[in-house]
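Trainee:
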Amino acid sequence: MPELPEVEVVRRSLVELVAGQRIIDVKVGWPKIIKSPEQHEQFQDALKGQTIRDIDRKGKFLIFLLDDYSLVSHLRMEGKYSKHKTEDPVDKHTHVIFCLSGGEELRYRDVRKFGTMHLFAKGSEWAVPPLSNLGPEPFSYEFSFDYFKGKLMKTDRFIKAVLLDQTIVTGLGNIYVDEVLFRSRIHPERKTKTLSDQEILTLKEQAALTLQESINAGGSSVNTYMNSYGQIGTYQNELKVYGRKDEECYHCGAIVQKIKVAGRGTHFCPACQVCN
DNA sequence: CTCTGGTCCTGTACGC
DNA sequence: TGCGTACAGGACCAGA
Numbered sequence: 001m002p003e004l005p006e007v008e009v010v011r012r013s014l015v016e017l018v019a020g021q022r023i024i025d026v027k028v029g030w031p032k033i034i035k036s037p038e039q040h041e042q043f044q045d046a047l048k049g050q051t052i053r054d055i056d057r058k059g060k061f062l063i064f065l066l067d068d069y070s071l072v073s074h075l076r077m078e079g080k081y082s083k084h085k086t087e088d089p090v091d092k093h094t095h096v097i098f099c100l101s102g103g104e105e106l107r108y109r110d111v112r113k114f115g116t117m118h119l120f121a122k123g124s125e126w127a128v129p130p131l132s133n134l135g136p137e138p139f140s141y142e143f144s145f146d147y148f149k150g151k152l153m154k155t156d157r158f159i160k161a162v163l164l165d166q167t168i169v170t171g172l173g174n175i176y177v178d179e180v181l182f183r184s185r186i187h188p189e190r191k192t193k194t195l196s197d198q199e200i201l202t203l204k205e206q207a208a209l210t211l212q213e214s215i216n217a218g219g220s221s222v223n224t225y226m227n228s229y230g231q232i233g234t235y236q237n238e239l240k241v242y243g244r245k246d247e248e249c250y251h252c253g254a255i256v257q258k259i260k261v262a263g264r265g266t267h268f269c270p271a272c273q274v275c276n
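So for the first sequence, UniProt numbering puts the first residue at 1; every next one is plus one.
1. I want to check one thing, is the minimum distance from the CB of Ser13 to the heavy atoms of the ligand COA below 8 angstroms?
2. Nearest by alpha-carbon distance to Val222: which of Pro188, Pro270, Arg183 and Gly173 is it?
3. Report yes or no: do the segment 136-155 and the segment 61-70 share at least 3 C-beta pairs separated by less than 8 angstroms?
4. Suppose you measure from the CA of Arg183 to the CA of Pro5; what does that come to, to the nearest Å?
5. Starting from the Cα of Gly265, find the closest Cα among Cys272, Tyr176 and Glu213 and give me that residue.
6. If you draw a straight line from the C-alpha of His40 to the C-alpha of Lys32, how long is it?
7. So Met117 and Val90 are supposed to be a Cβ contact under 8 angstroms. How far apart are they, rounded?
8. Hey, how far is the Cα of Ile200 from the Cα of Phe158?
9. Do the CB positions of Gly79 and Asp54 come within less than 9 angstroms of each other?
10. Which residue marks the beginning of the alpha helix (DSSP H) containing Gln42, and which one marks its end?
11. When DSSP labels each residue in this structure, what does Ile23 get in the three-state scheme?
12. Roughly how many angstroms separate the alpha carbons of Arg185 and Asn133, rounded to a whole number?
13. Find the nearest neighbour of Gly218 within the set Tyr235, Ala207, Ser228 and Leu203, judged by alpha-carbon distance.
14. Counting Cβ pairs, one atom from each stretch, are 3 or more of them under 8 angstroms apart for the segment 252-269 and the segment 187-206?
15. Pick helix, strand or coil for Leu134, following the three-state DSSP scheme.
16. Using only alpha-carbon positions, find the residue among Cys99, Lys92 and Leu71 that is nearest to His84.
17. If you draw a straight line from the alpha carbon of Asn237 to that of Lys160, how long is it in whole angstroms?
18. Can you find the residues in the same chain that come closer than 7 angstroms, C-beta to C-beta, to Ile168, ignoring five residues on each side of it along the sequence?
19. Which residue from Leu75, Gln273, Glu105 and Leu62 puts its Cα closest to that of Glu87?
20. Between which residues of its own chain and residue 284 is the CB-CB distance below 6 angstroms, once the five residues before and five after are set aside?
21. Distance check for Val28 and Tyr147, CA to CA, integer angstroms please.
22. From Thr170, Leu164 and Leu239, pick the residue whose C-alpha is nearest to that of Glu179; which is it?
23. Can you list, in chain order, the residues of its chain with a C-beta nearer than 8 angstroms to that of Arg244? Leave out the 5 residues immediately preceding and following it.
24. Please name the residue in Thr194, Asp246 and Ser220 whose C-alpha comes closest to that of Val10.
25. So, at 8 angstroms on beta carbons, what are the nonlocal neighbours of Glu247 in its own chain, with the 5 sequence-adjacent residues on each side left out?
Written as structure tokens, this is what we have:
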């Protein structure tokens with residue numbers, strides 16, 4: 001599932017592929033993907049004639065900056081964009097098609113149909129969900145030690161639940177949370193109030209470092225992830241615990257366990273990550 | 001405040 | 001072989 005690194009890699013490929021192009025028509029095959037405006041016909045009408053000026057990102061959200069609107073797109077588990085010739089056959093899982101002035105199409109494909117698109121008047125997107133409640137990204141100035149510690153000391157939740165909470169820090173998903181916790185040698189069920197300053201600092205640093213390393217590797221291609229050129233990433237080869245249930249820990253040789261934490265499948269090394 | 005569970009979906013992996 | 005069923009998951013929402 002695309003998390004911050006994968007979405008950033010997609011963003012970069014989209015800038016190269018469609019920035020500067022004008023949308024001349026929009027086809028919607030599965031209206032439920034369009035969350036706002038409520039009527040998808042309004043979504044289609046508004047986009048006609050709009051030029052894609054730039055593509056931004058916050059956390060796992062892509063933000064297409066148009067002339068008068070911002071199109072906020074979340075890929076969820078399986079969403080992907082790709083560019084096609086008009087005559088290319090349309091895959092059955094393609095649900096939204098943006099016809100571009102250059103005679104090509106930007107297509108949104110999503111097997112699970114979990115992805116979302118919100119269209120807002122440009123500039124107003126930050127005042128309402130889904131962007132309004134997002135916390136800082138792990139490598140941003142706002143994600144300071146004091147900010148993070150403040151959040152951690154004021155809740156009784158498990159650290160895994162907090163790292164998945166996009167209002168506290170945005171961009172981490174199930175894969176990278178497991179990786180960050182392993183690299184920090186912290187058990188996913190540690191209560192955040194018991195974390196030492198050193199552990200908090202390590203978590204903060206490992207979150208930023210892990211995401212940056214993955215971006216540099218083109219993201220992790222678990223399941224079906226690829227960028228908008230159809231290229232896969234290589235960071236899946238660097239994952240230390242995610243997807244390694246019953247395999248030996250690279251660090252100590254113990255057997256990687258998979259349990260359920262915060263409702264999510266959670267991988268960890270029972271020897272390296274002790275819950276005290 | 002925060003936890004749980006439902007919702008949205010469908011391909012995959014099971015058990016029989 | 002084939003069928004039925006459980007499962008996975010990000011964000012959001014309702015209800016406890």
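Every residue, glycine too, gets a C-beta built ideally from N, C-alpha and C.
Mentor: Walking through what the data contain:
1. No copy of the ligand COA appears in this structure; indeed no ligand is present at all.
2. One-based indexing of the first sequence puts residue 222 at position 222. When only C-alpha atoms are compared, the closest one is Gly173.
3. no
4. Here residue 183 refers to the residue found at position 183 of the first sequence. Here residue 5 refers to the residue found at position 5 of the first sequence. Using only the alpha carbons, I get a separation of about 17 angstroms.
5. By 1-based counting over the first sequence, the position of residue 265 is 265. Selected option, being the one with the closest Cα: Tyr176.
6. Your numbering for residue 40 matches position 40 in the first sequence. Your numbering for residue 32 matches position 32 in the first sequence. The alpha-carbon atoms of His40 and Lys32 are separated by roughly 8 angstroms.
7. Along the first sequence, read from residue 1 onward, the residue named residue 117 stands at position 117. Along the first sequence, read from residue 1 onward, the residue named residue 90 stands at position 90. Actually they are not in contact, since the Cβ atoms of Met117 and Val90 sit about 18 angstroms apart, beyond 8 angstroms.
8. The count along the first sequence starts at 1 and reaches residue 200 at position 200. The count along the first sequence starts at 1 and reaches residue 158 at position 158. Whole-angstrom Cα-Cα distance: 13 angstroms.
9. Counting from 1 along the first sequence, the entry for residue 79 is found at position 79. Counting from 1 along the first sequence, the entry for residue 54 is found at position 54. Their beta carbons are not under 9 angstroms apart, which means Gly79 does not touch Asp54 by this criterion.
10. Stepping through the first sequence from its first residue, residue 42 is reached at position 42. Where Gln42 is concerned, the enclosing alpha helix (DSSP H) stretches over His40 to Leu47.
11. If you number the first sequence from 1, residue 23 lands on position 23. Looking at Ile23 - three-state DSSP - the assignment turns out to be strand.
12. Position 185 of the first sequence, counted from the first residue, corresponds to residue 185. Position 133 of the first sequence, counted from the first residue, corresponds to residue 133. Approximately 29 angstroms, taken between the alpha carbons.
13. Mapped onto the first sequence, residue 218 falls at position 218. With distances taken between Cα atoms, Gly218 lies closest to Tyr235.
14. yes
15. Numbered from 1 along the first sequence, position 134 holds the residue referred to as residue 134. It is coil, neither helix nor strand.
16. What you label residue 84 is simply residue 84 of the first sequence in a count that begins at 1. Answer by Cα proximity: Cys99.
17. Position 237 of the first sequence, counted from the start, is the residue given in the question as residue 237. Position 160 of the first sequence, counted from the start, is the residue given in the question as residue 160. Each residue's Cα considered, the two are about 23 angstroms apart.
18. Within the first sequence, the letter at position 168 stands for residue 168. Excluding positions up to five away in sequence, the list reads Gly135, Lys151 and Val162.
19. Along the first sequence, read from residue 1 onward, the residue named residue 87 stands at position 87. Comparing Cα positions, the closest option is Glu105.
20. The question about residue 284 has no answer here: the residues shown for the chain are numbered 1 through 276.
21. The residue you call residue 147 lines up with position 147 of the first sequence. The residue you call residue 28 lines up with position 28 of the first sequence. Roughly 42 angstroms separates the two Cα atoms.
22. For the purposes of this step, residue 179 is taken as residue 179 along the first sequence, with counting starting at 1. The candidate whose alpha carbon is nearest that of Glu179 is Leu239.
23. Taking the first residue of the first sequence as position 1, residue 244 is located at position 244. Val256 and His267.
24. Here the question's residue 10 lines up with position 10 in the first sequence. Per the Cα distances, Ser220.
25. Reading the first sequence from its first residue, position 247 is the one you call residue 247. Within the same chain, Glu247 has close Cβ partners Ile255 and Val256.
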